[in-house]
Every structure is written in structure tokens, then in C-alpha cells.
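Remarks on the structure that follows.
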Amino acid sequence: MSERLKKGGLSWTGHPIVDAGVATLTAFAEKNYPDEVTFADLEKFVRYAEKAYFSSAISGYLTVLFTSNFMNPSWSLEKKKEYLGQILRSYNNEPTSGSCVYCKKPSVNLPTSDLAYRDLIPMLTGRGIANFFPGGHSGLSLCGYCLLAIQAIAIGAPMVSGRALIVSSDDPLFTLDIIKKWLPETRSRVQLSEISDKKPPAINRPLTRVIEAIMLCDNEKTKWREDASLTVYHLSNSGQGPSIDIFNLPSNITKFINRAKTVKYRDSWNEIIKSAWEKDVKGNDSIKIRNKSGRRNYLFEDLFKLPENAGSFIRTYFLRQPPNYSTNMDPRKEYKGWQDAKYVKWNLAELFLEEVIHMEKSRIEAIKRLGDRIAEEIVSTNDRGFWYSIYNCQKFYEMRNILIRQSQKCIKAGKEPLIRLDPFLEIFEEGEELARADWRLAWDLTLIRVIEQLYDKKWFEKNRDVLETKDTSLELQEA
């Protein structure tokens, strides 16, 4: 028994719901690994849960996770508390001859049955339905540790937009780090509800909440892999309408986010994040006037559409082109293209190309050199017509003809052409006269480099009337 008092018996299982609970218990104990959690830590959590689960902040959430469970409205408060204590302390029960389906430890008898059903494990089928269960049974055998972990997700996985927000990573330390960021707010909401006897304001925008937490995580400090992938489960086990939506952040996207937070990119990254926060219906800054837990960040949510929507992501956030369709609350409708030149940063776009798109380094360098050469030509000649033509170009043949004409001018003036054949083919064509499928992406990247260079060389500042001219490309850009 003394050895059992030292070690709580927790371990990662590979199952997203159970591991979210294991992470919750580990975070609550302020430990870094599940095997560091002691029996005393588990008892401390149980004592906290016995009060917190009956608070207005959590009690309604339990019916989203576990159907009726111990919140059965026909039961007295004393019976509810007694049953809850039995469930949470199942790890004290004598083991049976069976094994837990999640961790293979010996299973235990539960208060009302040998097996666990949907009232204790989210997203199972109902009692008596044997489909998808082992051995022809309609329930699952559990150990007391996994059962406690599953119940603990009510504390570790916040209820967002009426459903549980559960995260899972191929590196469980990443899951743990995210839950460590969520746990203080959950405990604060529980405490507030106990004091006021009122339900705290609802939390909304699940995808924004996930990226918010990732932005606070530190993979170097907590030792999870920089390229750990993440899966988000937004689910409800409600008997009136069970549902689940699943979102993925592949490893290349999480690595991009983690690198974007580093000192080299942090200032540029934070600027575009700041400009992507939703406004209220009157157009005010939502950061100042709206409940923090209800804010939406469009950039955060668009990260879940990568890498498929990489082109539109670059155009919107790095080139500052407003989307074709937006609402009054969408801050991106106020993006002004090159008139937002101070926000246009090549280094962040280059990082995106390396980590998200995996573009060849030679092609990235060729695009960068072309952008530098175009900017150099505009500054040296102060050719506003050339600037307007490259920025408003929408078709491949137009872009090619512009580069040819300007290269001819350069040669006549005794200068190097803007671009030679080989780099042009590498950037824009699959072969002679055959445009690459992503030529538009390459041209947008070229413009990003041009705009940054013109801004750094103060060309826009010296040509203020250019900045004050309406950006006609906003009406002409391709869908």
C-alpha cells in the first residue's frame, strides 16, 4: 500500500479522451509527467472535483459529457454526492480478472455495473447496443485511473460553444502544455461561480481558443516536439443530439506557429495577429470591448485550413489583400494592400514557404532576387507606372509581358535585365509557354518582397500621393 501511495498509476494510453483526462490530472498536480502524479495528488483532485462538479460553472457541462450520470435530476443531492465519490475513487476498488480497454491495467467493478457505458464515457452507443464493443458486450471494462481521467476532462477540457473542446497530439506533452494553459481559467470560473452562484459567461470560438493556448505554450521549456501535430475534437455527448467536429493541425503547421513565435519573427507575427481580431457590430476593437472568451481571430481559424488554402492565406495576411467576402465584424475588410506596407514582411512569408508549402529553397531565392531587382528599378527610376502595372497585374501573360518590356528598357539603359530566362522558368513556368499552376502564388510572393523593399527604402514615403491613391487591385483580384 505504501508504494501505491507514492505512485498514482497514471500513464498515457494513446486514446484522445483518456489522455486529455490524464493531462488534466497531471496539470492539476503541477507535475510534468503522468508517472510523477501520486495517490495523494489524485485524492486532492477528487476533493476539488466533489465541490467543483456541483458549481454552476461545471454542473451543466457534465450533461454534455456524460448524459445523466450522477447529475440525474431525480436523485437527491446526498445521493448525487455519494455516487460521484464512488465514481471518482474507483481506483480504490479491488481489481477484477479483466483488464482496462485503454491501459491494460486490471479493471475494477463500478458502483452499478461491471462495465462502463455512455453515462461515464463520452460518445459510446447506448446500453444494450453491442455494435463496436469487444466480446459482444455493450460496455467497456475500465480501471479506476482511466475512469477518473475521463471524468477529469470536465475540468481540463473547456466547454466552448456548448460542446467539449478536447485536444490530442502525437506528442502527449503538447496536449499537457495546452491543458496547463486552460486549467487556471477553468478554476477561476469555478471559483467565481461558487462565490456568485451564477453561471460564468459562455466561451465561444473553439479554434481561436486552441491557437490562443498554443501561442502561450513553450515547447523548449516543456520538452514537446516543435513539429508535434494536433487534433481538435469539438464534441457533445448529449442524449438529445450527440455530435462531433474534428479539426487537424498537421506537424508542418504547428512547426510554423512555433517558429513564428521566436524572436526573429515575433514582432511581424504579432502584428498580423493583432490586425485579425474580430470587431463588434459597430466596428470597434473587440479586444477592448468584448468578453475575452468570445473573441474570434480570423488568422487563427484560417490556420486550420492549411496547407490547402495556402495561396489565399498568403494573399490575405502577408500581402494584406482583403477577402472577396467579409462581414462588418471582419477586420480584414479594412486591409489596404500595399498601403499597409509596414505590415508586409518577407521573412515571415519565407518561413511560411519553408514550413507550410515546402517550396524549394532555390525557387524562394529566385523570387526574392526578382523582388529586389524590381524594387531597385522602381526606386532608381521613380517609375510609378511600372509600380502600378506590376501591382495590378492579374493574368500570367500580362505579368510576363511587363517583365519583358521592363527588361528591354533596362538593357537599353545599359543595365542588367530584370530577370533572365532560367530564373523566370524556375519561378513561373513548368516549361516554355506553360505557366505553373501556382504562378499567382509566386507573383504574390514577388510583390511581398517588392513592397517590403520599397517601404524600407522610403519610396512610399517620398511618394505620398501614391499611398493616397485608391488601390484599384482590390476590386480586380482573382477569387
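So the sequence shown is residues 197 to 675, counted in this note's numbering. Just so it is clear, CB atoms sit at the ideal spot from N, CA and C, and this is done for glycine as well. Computed from a prediction, not measured in an experiment: that's the story for all the values here.
Secondary structure of residue i, DSSP reduced to three states
i      : result
Ser522 : coil
Ile349 : helix
Asp652 : helix
Ser475 : The question names Ser, yet the displayed sequence has Lys at residue 475. Residue state, collapsed to three classes: strand.
Asn454 : helix
Ile399 : strand
Lys268 : Per the sequence shown, residue 268 should be read as Asn rather than Lys. Coil.
Ser365 : strand
Thr234 : coil
Asn289 : coil
Thr263 : coil
Trp420 : coil
Val646 : helix
Buried/exposed call for residue i, threshold 16 Cβ in 10 Å
i      : result
His430 : buried
Ala345 : buried
Asp414 : exposed
Tyr521 : exposed
Ile483 : Confidence in Ile483 is poor, its pLDDT being 48 and thus under 50, which makes the residue's placement unreliable; the coordinate value appears in the next sentence. By the 10 Å Cβ count, Ile483 comes out exposed.
Arg511 : buried
Lys247 : exposed
Ala312 : buried
Gln590 : exposed
Ala689 : Given a span of 197 to 675 for the chain in the structure shown, any question on residue 689 remains unanswerable.
Glu594 : exposed
Ser365 : buried
Pro368 : buried
Pro380 : exposed
Residue i at chain C interface by Cβ criterion, 8 Å
i      : result
Phe370 : In summary, chain C is missing from the structure at hand, where a single protein chain is found.
Same chain, Cβ closer than 7 Å to residue i, neighbours up to 5 away in sequence not counted
i      : result
Phe370 : Trp420, Ala424, Leu426
Ser464 : Lys541, Asn543, Leu544
Pro396 : Ala253, Arg385, Leu388, Ser389
Asn680 : Since the displayed the chain opens at 197 and closes at 675, residue 680 lies outside it and no answer follows.
Lys376 : Ala223
Asp640 : Ile510, Arg511, Leu515
Met555 : Leu549
Cβ-based neighbour list, residue i, same chain, cut-off 6 Å, excluding 5 preceding and 5 following
i      : result
Lys457 : none
Lys227 : Val233
Ser286 : Val304, Gly340, Leu343
Arg660 : none
Among the options, nearest to residue i - alpha-carbon criterion
i      : options                        : result
Ser334 : Glu408, Gly627, Ser309         : Ser309
Phe443 : Thr222, Leu499, Phe620, Cys413 : Leu499
Cys342 : Ser489, Thr220, Glu622, Phe509 : Thr220
Ile283 : Gly627, Gly340, Ser255, Tyr461 : Gly340
Gly533 : Leu361, Ile647, Leu403         : Ile647
Ser255 : Glu551, Arg385, Ile570, Glu612 : Arg385
Pro354 : Ile374, Asp366, Pro368, Ser365 : Ile374
Ile468 : Pro402, Asp536, Gly507         : Asp536
Phe620 : Arg660, Ile560, Gly610, Lys611 : Ile560
Ser603 : Cys589, Arg569, Gln347         : Arg569
Asp441 : Leu566, Thr577, Met319, Ser585 : Met319
Met525 : Glu504, Asn493, Leu502         : Asn493
Ala490 : Glu274, Thr404, Phe624, Pro212 : For the record, residue 490 in the displayed sequence is Gly; it is not Ala. Comparing Cα positions, the closest option is Thr404.
Leu566 : Arg580, Ile600, Leu630, Asn268 : Ile600
Beta bridge counterpart(s) of residue i as assigned by DSSP
i      : result
Pro302 : Ser295
Phe443 : Val428
Ala360 : Met355, Leu431
Gly581 : In DSSP, Gly581 forms no bridge with anything.
Glu625 : Ala631
Asn228 : Answer is none; Asn228 lacks a bridge partner.
Asn493 : Trp473
Leu336 : Ala312
Close Cβ partners of residue i (< 8 Å) along its chain, the five nearest in sequence each way excluded
i      : result
Thr263 : Arg314, Asp315, Asn433, Ser434, Gly435
Thr292 : Pro302, Ser303, Val304, Asn305, Asp310, Ser337
Arg455 : Glu422, Tyr461, Leu547, Glu551
Tyr513 : Ile468, Ala472, Leu495, Asp498
Residue i: CB within 7 Å of a non-hydrogen atom of the ligand FAD
i      : result
Val552 : Because no ligand of any kind appears in the structure shown, any question about the ligand FAD cannot be addressed here.
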